[in-house]
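First up is the structure itself, then whatever we jot down about it.
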């Protein structure tokens, strides 16, 4: 828990939870209205693919609806310490991993991994102790060890633009 | 016996260590370890090759507890619930003790499961084959209610997560008609959402994100704990006898059922241990009985999975499916013929199973409890990037698709927010893993019964599991009420 969260500053968790529930409601909607309506002509199905998907979708919609109502009711009053979250930490961490995934997929594993390890080890170091040189040494050493281990165990890497 | 000569013994030990290392690293699994070593067995005697692979299997399942306890990130699906109590113990400086308890439980699970394997293999396998679609659907339904009761303070959140998992499992290929469903026209979703990358995202990537939040803490675990405490005390052993036996039985019984295996056995055993405990509120906060239940049952499930594999030639999980490939390259097919025509090979497999279990215990107790806490107790800035990179590349290597990497990343981000909002991740993972199988068994079952649900309630095997599911749910409700009255948070 960050300092802001301990003191009750930041986004109330209930609002964040409502966002998560919106995602689940969307997924529930997808299940209720499946894109492909398939009929099995070989065996008369008692519970079809669509019906199963709809049952699951309705369950998800119902459960999330109840929880969303409770979360929004709580959001008005709940700003107690430990019931808020600091979005900057979450966005920085998530953003870094997404960026790593993008570079890993389209440019190349070693470039992505080098940049990612350097950035993350630098970010996780306390501000007063930050040393780019140490992080570079760690990054290079890690890349060398990883590539050796991957060669030894024949672990494949995705084909991308660069190595 | 052949396996007791130096070369087979050395290869079994080597295979076990290889498996432990793969199990300990999140993203690398026992299946991958077995697949990687299969080509090395081409030139070997069949007994030698298969014995080494059995060692890898046992090592791979056992090694999962290391990262579950020391990092809060399960190395394998089998260790999904080990971290619930192991990680809090490690956080309060009892990492060595938690590892020791887990390793001892692994050995007990292997040995008790092994006794069932040798004594009851053909009998149990034949009984398991009585299970049709209706019975399997009932077992899975029981598994779902069990996982709900592990949902912590809010059953509603547990239900939401299970429904979320089941909804995710409807994406991709329909298990009966083999047509695309709920893919929103995205080609990457055509094959569905892979369960293992999703699990890695929910438990490894999300835990790494949470650790990034706490920048003021340099280490994931401040004190690794004294490795001298790694041996279970006699009083702890005595208190765990019931848990050992119950969890071994659960592990072996669930391990026999094809595909359901390791991940569910740990959860059911954990749930039963919590229900049997006089202090259920301490589970999830560092009660060693939680580790005992999870680790005993997941190793007993190895023996369970080997029973239909050896006796009937039916692989119980992905590792035994890989082992089958290992046997087939030598022109051997597991099943009744293997027992009658290659009895020596079967005897060697049994011997290798026990030798590997004992070696796993010795290696992990005498070396692992010292080495792993030191390796994993380096600063966060070194551990987190490494764990993330290895997990993601492990995801890619499962199916050689970049979609698996994205599944891990997306579920990692979802998992991070779920933890922030106190939603349990285990029901979600179980929904994704077992959802397709549940749907398939339920729909086939309903075809067989002409759409009637009555056989689920009147046939003895499914009715027993439905009754157990109901009992499990109401017991969880009752315990929750009691805890609320006492002002305890579950």
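Residue numbers (our numbering), protein chains in the order written: chain A, 144 to 306; chain B, 78 to 567. Every residue gets a Cβ at the ideal spot worked out from N, C-alpha and C, and that includes glycine. Quantities reported herein were computed from a predicted structural model and do not represent experimental measurements.
TODO: Starting from the Cα of residue 297 of chain A, find the closest Cα among B:445, B:559, B:380, B:115 and give me that residue.
DONE: Residue mapping note: residue 297 of chain A aligns to position 154 of the first chain, counting from 1. When only C-alpha atoms are compared, the closest one is B:115.
Open item on the list: For the segment 505-525 of chain B, list every residue whose C-beta sits within 7 angstroms of some C-beta in chain A, in sequence order.
Closed with: 516, 519, 520, 523, 524
- [ ] Indicate the three-state DSSP secondary structure (helix, strand or coil) for residue 276 of chain A in the structure shown.
- [x] Along the first chain, read from residue 1 onward, the residue named residue 276 of chain A stands at position 133. Helix, per DSSP.
- [ ] With DSSP as the reference, label residue 323 of chain B as helix, strand or coil.
- [x] Numbered from its first residue, the second chain carries residue 323 of chain B at position 246. In this structure, residue 323 of chain B counts as helix in the three-state DSSP scheme.
Task: First and last residue of the uninterrupted alpha helix (DSSP H) at residue 518 of chain B - done: Along the second chain, one-based indexing puts residue 518 of chain B at 441. Unbroken alpha helix (DSSP H) run through residue 518 of chain B: 503-525.
TODO: Keeping to the same chain, check which residues put their C-beta closer than 6 angstroms to that of residue 156 of chain B; ignore five residues upstream and five downstream.
DONE: Within the second chain, residue 156 of chain B is the residue found at index 79, counting from 1. Correct list, in chain order: 141, 142, 145.
Task: the segment 159-177 of chain A in contact with the segment 497-512 of chain B per 3-pair CB rule at 8 angstroms - done: With a cut-off of 8 angstroms, the segment 497-512 of chain B and the segment 159-177 of chain A count as touching, because enough Cβ pairs lie within range.
Task: Of the listed residues B:182, B:559, B:137, nearest to residue 352 of chain B (C-alpha basis) - done: If you number the second chain from 1, residue 352 of chain B lands on position 275. Out of B:182, B:559, B:137, the CA that lies nearest to the CA of residue 352 of chain B is found in B:559.
Open item on the list: Which runs of the alpha helix (DSSP H) at least 4 residues long sit entirely within the segment 431-512 of chain B? Give them in chain order.
Closed with: 446-453, 457-476, 479-497
Open item on the list: With H, G and I counted as helix, E and B as strand and the rest as coil, what does DSSP make of residue 169 of chain B?
Closed with: In the second chain, the residue the question calls residue 169 of chain B occupies position 92. Correct three-state label for residue 169 of chain B: coil.
TODO: Report yes if the C-beta distance between residue 386 of chain B and residue 357 of chain B is below 7 angstroms; otherwise report no.
DONE: Residue numbering aside, residue 386 of chain B sits at position 309 when the second chain is read from its first letter. Residue numbering aside, residue 357 of chain B sits at position 280 when the second chain is read from its first letter. Not in contact: residue 386 of chain B and residue 357 of chain B (Cβ atoms no closer than 7 angstroms).
- [ ] Determine which residues share a DSSP beta bridge with residue 258 of chain B and list them.
- [x] Numbered from its first residue, the second chain carries residue 258 of chain B at position 181. According to DSSP, which records beta bridges pairwise, residue 258 of chain B is partnered with B:249.
Open item on the list: Against chain B, with Cβ distances strictly below 7 angstroms, would residue 246 of chain A count as a contact?
Closed with: Position 103 of the first chain, counted from the first residue, corresponds to residue 246 of chain A. Taking Cβ atoms only, chain B never reaches closer than 7 angstroms to residue 246 of chain A, which makes this a no.
Task: Neighbour-count burial assignment, residue 514 of chain B, 16 or more Cβ in a 10 Å radius - done: As a position in the second chain, residue 514 of chain B is number 437, starting the count at 1. Classification for residue 514 of chain B: buried.
Open item on the list: For residue 162 of chain B and residue 365 of chain B, which I take to be in contact (beta-carbon distance under 8 angstroms), what is that distance rounded to the nearest angstrom?
Closed with: Numbered from 1 along the second chain, position 85 holds the residue referred to as residue 162 of chain B. Numbered from 1 along the second chain, position 288 holds the residue referred to as residue 365 of chain B. Correct: roughly 7 angstroms between the Cβ atoms.
Task: Which of helix, strand or coil DSSP assigns to residue 159 of chain B - done: Looking up residue 159 of chain B in the second chain gives position 82. Residue state, collapsed to three classes: helix.
TODO: Please state if the CB of residue 341 of chain B and the CB of residue 220 of chain B are separated by a distance shorter than 7 angstroms.
DONE: Reading the second chain from its first residue, position 143 is the one you call residue 220 of chain B. Reading the second chain from its first residue, position 264 is the one you call residue 341 of chain B. A distance below 7 angstroms separates the beta carbons of residue 220 of chain B and residue 341 of chain B.
TODO: Can you grab the Cα-Cα spacing for the pair residue 472 of chain B / residue 100 of chain B, in whole Å?
DONE: Your numbering for residue 472 of chain B matches position 395 in the second chain. Your numbering for residue 100 of chain B matches position 23 in the second chain. When rounded, the distance between both Cα atoms is 14 angstroms.
Open item on the list: Let's test the definition: count the other Cβ atoms within 10 Å of the Cβ of residue 272 of chain A and tell me whether it reaches 16, buried, or not, exposed.
Closed with: As a first step, residue 272 of chain A must be located in the first chain, where it is residue number 129. It counts as exposed.
TODO: Give the residues of chain A in contact with residue 462 of chain B, contact being defined as C-beta atoms less than 9 angstroms apart.
DONE: Residue mapping note: residue 462 of chain B aligns to position 385 of the second chain, counting from 1. The contacting residues are 256, 259, 260, 261, 262, 263, 264, 267, 281, 282, 285.
TODO: Take residue 416 of chain B and list the residues in its own chain whose beta-carbon comes closer than 8 angstroms to its own, dropping the five residues that flank it on each side.
DONE: Position 339 of the second chain, counted from the first residue, corresponds to residue 416 of chain B. For residue 416 of chain B, where only same-chain residues beyond five positions count, the Cβ hits under 8 angstroms are 199, 387, 388, 423.
Open item on the list: Quick check on the burial criterion: 16 or more other C-beta atoms within 10 angstroms. Buried or exposed for residue 275 of chain B?
Closed with: Numbered from its first residue, the second chain carries residue 275 of chain B at position 198. Result: buried.
Open item on the list: Against chain A, which members of the segment 241-254 of chain B pass a CB distance test of less than 9 angstroms?
Closed with: 241, 243, 244, 245, 246, 247, 248, 251, 252, 253, 254
Task: Nearest-angstrom Cα separation, counted from residue 185 of chain B out to residue 265 of chain B - done: Residue numbering aside, residue 265 of chain B sits at position 188 when the second chain is read from its first letter. Residue numbering aside, residue 185 of chain B sits at position 108 when the second chain is read from its first letter. Cα to Cα, the separation comes out at about 43 angstroms.
TODO: Could you spell out the range, first to last residue, of the alpha helix (DSSP H) harbouring residue 306 of chain B?
DONE: Counting from one through the second chain, the residue named residue 306 of chain B turns up at place 229. From DSSP, residue 306 of chain B is part of no alpha helix (DSSP H); its letter is neither H nor E.
Task: Neighbour flag for residue 289 of chain B against chain A, beta carbons, 7 angstroms - done: As a first step, residue 289 of chain B is located in the second chain; it is residue number 212 there, counting from the start. Yes, because at least one Cβ of chain A sits closer than 7 angstroms to the Cβ of residue 289 of chain B.
Open item on the list: When you compare the CB of residue 169 of chain A with every CB in chain B, is at least one pair closer than 7 angstroms?
Closed with: By one-based count along the first chain, residue 169 of chain A stands at place 26. No, residue 169 of chain A lies away from the interface with chain B (no Cβ there is under 7 angstroms from its Cβ).
Task: Closer than 8 angstroms at the beta carbon, the chain A residues around residue 527 of chain B - done: If you number the second chain from 1, residue 527 of chain B lands on position 450. Result: 189.
- [ ] Report all residues from its chain with a CB closer than 8 angstroms to the CB of residue 84 of chain B; omit the five preceding and five following residues, and keep chain order.
- [x] Against the second chain, residue 84 of chain B aligns to sequence position 7. Sequence-distant partners of residue 84 of chain B (beyond 5 residues in either direction) whose C-beta falls short of 8 angstroms from its own C-beta, in its chain, are 125.
TODO: Evaluate residue 276 of chain A with the Cβ neighbour count: other Cβ atoms within 10 Å of its Cβ, from every protein chain shown; 16 or more gives buried, anything less gives exposed.
DONE: Translated into the one-based positions of the first chain, residue 276 of chain A becomes position 133. Burial call: exposed.
- [ ] Could you name the residues of chain B that residue 163 of chain A contacts, counting a contact when the two beta carbons are closer than 7 angstroms?
- [x] Here residue 163 of chain A is taken as the residue at index 20 of the first chain, counted from 1. For residue 163 of chain A, the C-beta contacts it makes with chain B under 7 angstroms involve 494, 498, in order along the chain.
TODO: Kindly list the residues whose CB is nearer than 8 angstroms to the CB of residue 103 of chain B, restricted to its own chain and excluding five residues on each side of it in sequence; keep chain order.
DONE: Residue 103 of chain B sits at position 26 when you count from the first residue of the second chain. Around residue 103 of chain B: 144, 148, 150, 151, 152, 277, 280, 281, 464, 467, 468, 471.
- [ ] Using alpha carbons as the reference points, say which of B:322, B:355, B:368 lies closest to residue 344 of chain B.
- [x] Position 267 of the second chain, counted from the start, is the residue given in the question as residue 344 of chain B. Among B:322, B:355, B:368, the Cα nearest to that of residue 344 of chain B belongs to B:368.
Task: Span of the alpha helix (DSSP H) around residue 405 of chain B - done: Residue mapping note: residue 405 of chain B aligns to position 328 of the second chain, counting from 1. Taken as a continuous stretch (DSSP letters only), the alpha helix (DSSP H) holding residue 405 of chain B covers 395-405.
TODO: In angstroms with no decimal places, state the Cα-to-Cα distance between residue 363 of chain B and residue 226 of chain B.
DONE: The count along the second chain starts at 1 and reaches residue 363 of chain B at position 286. The count along the second chain starts at 1 and reaches residue 226 of chain B at position 149. Inter-residue distance for residue 363 of chain B and residue 226 of chain B is about 18 angstroms (C-alpha atoms, whole angstroms).
Task: Backbone secondary structure at residue 191 of chain A - three-state DSSP - done: Locating residue 191 of chain A in the first chain gives position 48, where the first residue counts as 1. Note: residue 191 of chain A maps to coil in three-state DSSP.
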